[in-house]
Amino acid sequence: MDWGMKNRMAQLVQADGHCCFLPVDHGYFQGPTHKLEEPWKTIEPLLPYADALFITRGVLRSSVAPEKTKPIILRVSGGTSVVGKDLAHEGITTSMEEAIRLNAAAVGISIFVGTDYEHESLLNLAKLVDEGEKYGLPVMAVTAVGKELEKRDARYLALCCRIAAELGARLVKTYYCEEFEKVVRGCPVPVVMAGGPQVDTELEVFQFVYDGMQKGAIGVNLGRNIWQNDFPVAMIKAIRAIVHENASPKEAQEIFESNK
Ligand code: 5RP
Numbered sequence: 030m031d032w033g034m035k036n037r038m039a040q041l042v043q044a045d046g047h048c049c050f051l052p053v054d055h056g057y058f059q060g061p062t063h064k065l066e067e068p069w070k071t072i073e074p075l076l077p078y079a080d081a082l083f084i085t086r087g088v089l090r091s092s093v094a095p096e097k098t099k100p101i102i103l104r105v106s107g108g109t110s111v112v113g114k115d116l117a118h119e120g121i122t123t124s125m126e127e128a129i130r131l132n133a134a135a136v137g138i139s140i141f142v143g144t145d146y147e148h149e150s151l152l153n154l155a156k157l158v159d160e161g162e163k164y165g166l167p168v169m170a171v172t173a174v175g176k177e178l179e180k181r182d183a184r185y186l187a188l189c190c191r192i193a194a195e196l197g198a199r200l201v202k203t204y205y206c207e208e209f210e211k212v213v214r215g216c217p218v219p220v221v222m223a224g225g226p227q228v229d230t231e232l233e234v235f236q237f238v239y240d241g242m243q244k245g246a247i248g249v250n251l252g253r254n255i256w257q258n259d260f261p262v263a264m265i266k267a268i269r270a271i272v273h274e275n276a277s278p279k280e281a282q283e284i285f286e287s288n289k
């Protein structure tokens, strides 16, 4: 690995080998998502507790002051919307030159395995990896399911993660699921967990984050279950404790209660 690639990976994955990324990219296909209507108001209180932001160039430029130094994972795929025909029909929306101009630490792209656009999205990933490797920027692949949330089982996610790794992604972001160890075992690059739509209780989030970490994830890229919570700062502090201090779900719940 070249120095630039190593340096960028080290900005993302902390010295303990773990990471707590904060995704705020949802508007690129969902519009003004609940609790992310005014991005900076959501991001500002959470920023000190995030190891990196996953964000589009538009929200980065408009809503995050460049002086607020935090590694950026730039969302570079898109071109679809929740009211359009097919969420899987994404293209690359942002060039590598733009990612470098924005001083991104990595770029992120969704892949849509098993859809009509599987081939395009996988070739987009491969092309992005070629570009990223040329300039020393890691690519994070996102195993996206669009509106078909029920797809999120170990067999399907293991397939997606392995393909992403084979095509050269340096990091893979996927969903937690039952038998998550099978997903991690089959993926030769680090795996981070997304949260999906908000679940019913905080404890459920702490339990799946803890279990996923025990089963080999290196961290989280968790959005709605943090910033759609009524106490987002308490939430991110609790999750950070699981990721970086091996706190148990019970300890995380105590951290949440004492910070809310
Ligand atoms: C949305 C994304 C998000 O970054 C990802 O889904 C993580 O966020 P959440 O925890 O809210 O699911 O890729 O396009």
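For the sequence shown, our numbering gives the first residue as 30, with consecutive numbering after it.
Note that the Cβ used here is the ideal one computed from N, Cα and C, for glycine as well.
The beta carbon of Ile84 sits closer than 6 Å to the beta carbons of Val53 and Asp54 from its chain, once the five residues preceding and following it are set aside; these are given in chain order. Scanning the segment 117-197 from its first residue to its last, the whole beta strand (DSSP E) runs of 3-plus residues come out as 135-140 and 168-172. Annotation for Phe83: the continuous beta strand (DSSP E) segment containing it runs Ala81 to Ile84.
DSSP, read as helix, strand or coil, puts Lys202 in strand. Collapsing the DSSP output to three states places Leu75 in a helix.
For Ile247, there is no enclosing alpha helix (DSSP H), since its DSSP letter is neither H nor E. Here DSSP, grouped into helix, strand and coil, assigns Phe285 to helix.
Contact between the segment 102-115 and the segment 133-148 is present: 3 or more CB-CB pairs across the two stretches fall below 8 Å. Shortest Cα-Cα distance from Gln43 to any of Pro61, Leu186 and Lys99 involves Lys99.
Annotation for Leu41: the continuous alpha helix (DSSP H) segment containing it runs Trp32 to Leu41. By a beta-carbon distance limit of 8 Å, Leu251 contacts Met222. Their separation comes to about 7 Å. The beta carbons of Val174 and Leu157 sit no closer together than 9 Å. In this structure, Ile247 lies near Cys48, with their beta-carbon atoms less than 9 Å apart. Here Phe260 carries a coil assignment [DSSP, helix/strand/coil].
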